[in-house]
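Below: one structure, written as structure tokens.
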Amino acid sequence: MAVGGIDTHVSDNDDDMEDVLEQQQQQQQGQKYRHDLRIPVVQHLPGVGQNLQDHPSIWNLAWTVVPGNSPNLFTYANPLAFTQYAKSKTGPLSAPFAMVGNAWMVGEEDPEWPELQFLMTSFTSGTDKGMLLHKIIGFTEEFYNRYFNDIKGREGFQIGPMLTRPQSRGSITLKSSNPRDKPLIDPNFLSHPDDVRLFVKGIKFARSIGGTSALKRLGAKFNSKPLPGCEHLALDSDEYLACFTRYSASTTYHPSGTCKMGPQSDPYSVVDNRLRVRGVSGLRVIDASMMPLVTTGNTNAPCIMIGERGADFIKEDHGVPVLFI
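FYI, the numbering used here numbers position 226 of the sequence shown as 1374, with every residue one higher than the one before it.
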């Protein structure tokens, strides 16, 4: 992370003066940051580590089903499943682990863009009896045991609403000058009220899907246990669902945006339209952090595209022909 001085200009225009004041504040913050961490400054880019975005999601809307209708604890660890896949490439190991469906809900204001994605899995956070899944999601042991105790080890499914275009923004900053220290990550989830509102909408829709006749034929039963921390609110009220959201929202592991691409006029842009870091020769950022806005859906394919395009830029700069297929 580079912080330090910044160029400013003076104008009689009020808007320009506001820009100058903002830049001066950034300069002061950058100097303080540099002084505190004792890091030599190469280039002051205040946008580095800012604009952190993710796809917050909820992973504890769980339904149990009649045994035999969903994978259980040993489905994927069964030696017979390994043998079956090795011989015929069939069986449980022949399909992507547990993710059985996706759906998108278009936005109210812009029907061209989905505002929610729904991830359906053929297991619940209680299926593995607390061995791993709750740690990946970020539930504490106490929270997990209180909420999932009644469905531990049972077969079932989850429908997780995920925000595709979240409004909240977080940050990543350095903890110290030691590169081995983990950075300070503040996702700042749900800081924008629209994100909470959309999650409430998403929970209601997920519940309606879980209550369809098709899933009821599998014996689907919702884990309606009051969420720890929200027991004082009327179950299924908007206030309860908002509380449910604040206690449950977690990462989908799609962090993006902390070295965003943008024009020179944007003081928080870090890379230009060829992914070159401003003011630093020979350095590019070619990953999800260059996204000004996180993609409206999963980030894997977009990251592959960014990598391909970045490779083309490097080849072009060195006179290597680029083939477009």
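Idealized CB from N, CA, C, for every residue including glycine. Here the structure is a predicted model, which means the values were calculated and not measured.
ask   = Skipping 5 residues on each side, what residues in its chain have a beta carbon closer than 7 Å to that of V1425?
value = As a first step, residue 1425 must be located in the sequence shown, where it is residue number 277. Taken in chain order, the residues that qualify are V1418, V1419, L1431, R1432 and V1433.
query = Can you tell me whether DSSP reads K1369 as helix, strand or coil?
reply = Within the sequence shown, the letter at position 221 stands for residue 1369. It is a strand residue.
query = Whose C-beta lies closer than 6 Å to the C-beta of A1459 among residues of the same chain, with five residues either side of it excluded?
reply = Taking the first residue of the sequence shown as position 1, residue 1459 is located at position 311. None.
ask   = Hey, quick one: how far does the alpha helix (DSSP H) through D1343 stretch, first residue to last?
value = One-based indexing of the sequence shown puts residue 1343 at position 195. Per DSSP, D1343 belongs to the alpha helix (DSSP H) from P1341 to G1358.
query = In whole angstroms, what is the alpha-carbon distance linking S1270 and P1327?
reply = If you number the sequence shown from 1, residue 1270 lands on position 122. If you number the sequence shown from 1, residue 1327 lands on position 179. Cα-Cα distance, rounded: 40 Å.
ask   = Comparing alpha-carbon positions, which option in P1204, V1254 and T1212 lies nearest S1396?
value = To locate residue 1396, count along the sequence shown from 1; it is residue 248. Of the candidates P1204, V1254 and T1212, the one whose C-alpha sits nearest the C-alpha of S1396 is P1204.
inquiry  = As a quick exercise: from N1421, F1392, Q1315 and G1318, pick the residue whose alpha carbon is nearest that of M1409.
reply    = For the purposes of this step, residue 1409 is identified with residue 261 of the sequence shown, where counting begins at 1. For M1409, the nearest C-alpha among the options comes from N1421.
message = Between which residues of its own chain and R1186 is the CB-CB distance below 8 Å, once the five residues before and five after are set aside?
response = Position 38 of the sequence shown holds residue 1186. S1325.
Rounded straight-line distance, which links the Cα of Y1416 to that of K1352 = If you number the sequence shown from 1, residue 1352 lands on position 204. If you number the sequence shown from 1, residue 1416 lands on position 268. K1352 and Y1416: Cα-Cα distance of roughly 37 Å.
ask   = Ends of the beta strand (DSSP E) at M1310?
value = On the sequence shown, residue 1310 is found 162 positions in, with the first residue counted as 1. Run containing M1310: G1304 to L1311, per the beta strand (DSSP E) assignment.
request  = Taking all protein chains shown into account, decide if L1228 is buried (16 or more other Cβ within 10 angstroms of its Cβ) or exposed.
outcome  = Here residue 1228 is taken as the residue at index 80 of the sequence shown, counted from 1. Counting Cβ neighbours within 10 Å, L1228 comes out exposed, since fewer than 16 surround it.
query = Going by alpha carbons, who is nearest to G1445 out of S1404, I1333 and V1470?
reply = Translated into positions along the sequence shown, residue 1445 becomes position 297. Minimum Cα distance to G1445 is reached at S1404.
ask   = What separation, rounded to the nearest whole angstrom, lies between the Cα atoms of S1437 and P1411?
value = Here the question's residue 1437 lines up with position 289 in the sequence shown. Here the question's residue 1411 lines up with position 263 in the sequence shown. Those two C-alpha atoms are separated by around 16 Å.
task = Report all residues from its chain with a CB closer than 7 Å to the CB of C1451; omit the five preceding and five following residues, and keep chain order.
result = Along the sequence shown, one-based indexing puts residue 1451 at 303. Cβ neighbours of C1451 beyond the five flanking positions: D1435 and A1436.
task = Determine the direct distance from the alpha carbon of Y1388 to that of V1344, and round the result to whole angstroms.
result = If you number the sequence shown from 1, residue 1344 lands on position 196. If you number the sequence shown from 1, residue 1388 lands on position 240. Their Cα atoms are separated by approximately 12 Å.
message = Using a 10 Å radius around the Cβ and a threshold of 16 neighbouring Cβ atoms, would you call S1316 buried or exposed?
response = As a first step, residue 1316 is located in the sequence shown; it is residue number 168 there, counting from the start. So S1316 ends up on the buried side.
ask   = Identify the residues that DSSP records as bridge partners of V1254: which are they?
value = Residue mapping note: residue 1254 aligns to position 106 of the sequence shown, counting from 1. V1254 pairs with P1262.
ask   = Taking the alpha carbon of T1406 as the point to measure from, which residue in V1190, V1196, H1192 and Q1191 has its own alpha carbon closest?
value = For this step, residue 1406 is matched to residue 258 along the sequence shown. The candidate whose alpha carbon is nearest that of T1406 is V1196.
request  = List the endpoints of the continuous alpha helix (DSSP H) containing D1460.
outcome  = Here the question's residue 1460 lines up with position 312 in the sequence shown. N1448 to D1465 is the extent of the alpha helix (DSSP H) around D1460.
message = Check whether the segment 1305-1319 and the segment 1282-1293 are in contact - that is, three or more C-beta pairs closer than 8 Å.
response = no
key: Contacts around D1386, its chain only, beta-carbon distance under 8 Å, and the 5 residues preceding and following it disregarded   = The residue you call residue 1386 lines up with position 238 of the sequence shown. Same-chain partners within the cutoff: V1348.
Proximity below 7 Å, CB of G1350 to CB of L1264 = The sequence position of residue 1350 within the sequence shown is 202, counting from 1. The sequence position of residue 1264 within the sequence shown is 116, counting from 1. A contact, by the Cβ cut-off of 7 Å.
key: Coarse secondary structure for Q1201, derived from DSSP in three states   = By one-based count along the sequence shown, residue 1201 stands at place 53. Looking at Q1201 - three-state DSSP - the assignment turns out to be strand.
task = Please confirm whether V1214 and G1367 have their CB atoms less than 7 Å apart.
result = Start at 1 with the first residue of the sequence shown, and residue 1214 comes out as number 66. Start at 1 with the first residue of the sequence shown, and residue 1367 comes out as number 219. Taking 7 Å as the Cβ cut-off, V1214 and G1367 qualify as a contacting pair.
key: Run of the beta strand (DSSP E) containing S1429, from where it starts to where it stops   = Counting from 1 along the sequence shown, the entry for residue 1429 is found at position 281. Per DSSP, S1429 belongs to no beta strand (DSSP E) and is neither H nor E.
key: Coil, strand or helix - I1333 by DSSP   = Reading the sequence shown from its first residue, position 185 is the one you call residue 1333. Three-state DSSP puts I1333 in a strand.
key: Exposed unless 16 or more other CB atoms sit within 10 angstroms - verdict on M1165   = Your numbering for residue 1165 matches position 17 in the sequence shown. For M1165, the predicted structure reports a pLDDT of 46, less than 50, and the residue's modelled location is therefore unreliable. A value from the coordinates is still provided. M1165 should be labelled exposed.
request  = Could you check what DSSP says for I1285 in three-state terms: helix, strand or coil?
outcome  = One-based indexing of the sequence shown puts residue 1285 at position 137. If DSSP states are grouped into helix, strand and coil, I1285 belongs with the helices.
ask   = Rounded to a whole number of angstroms, what is the C-alpha to C-alpha distance between V1248 and T1275?
value = Here the question's residue 1248 lines up with position 100 in the sequence shown. Here the question's residue 1275 lines up with position 127 in the sequence shown. Looking at the two C-alpha atoms, the distance is approximately 16 Å.
ask   = Between the C-alpha atoms of L1441 and F1291, what's the straight-line distance to the nearest angstrom?
value = Here residue 1441 corresponds to residue number 293 of the sequence shown, with the count starting at 1. Here residue 1291 corresponds to residue number 143 of the sequence shown, with the count starting at 1. Their backbone Cα atoms lie some 33 Å apart in a straight line.
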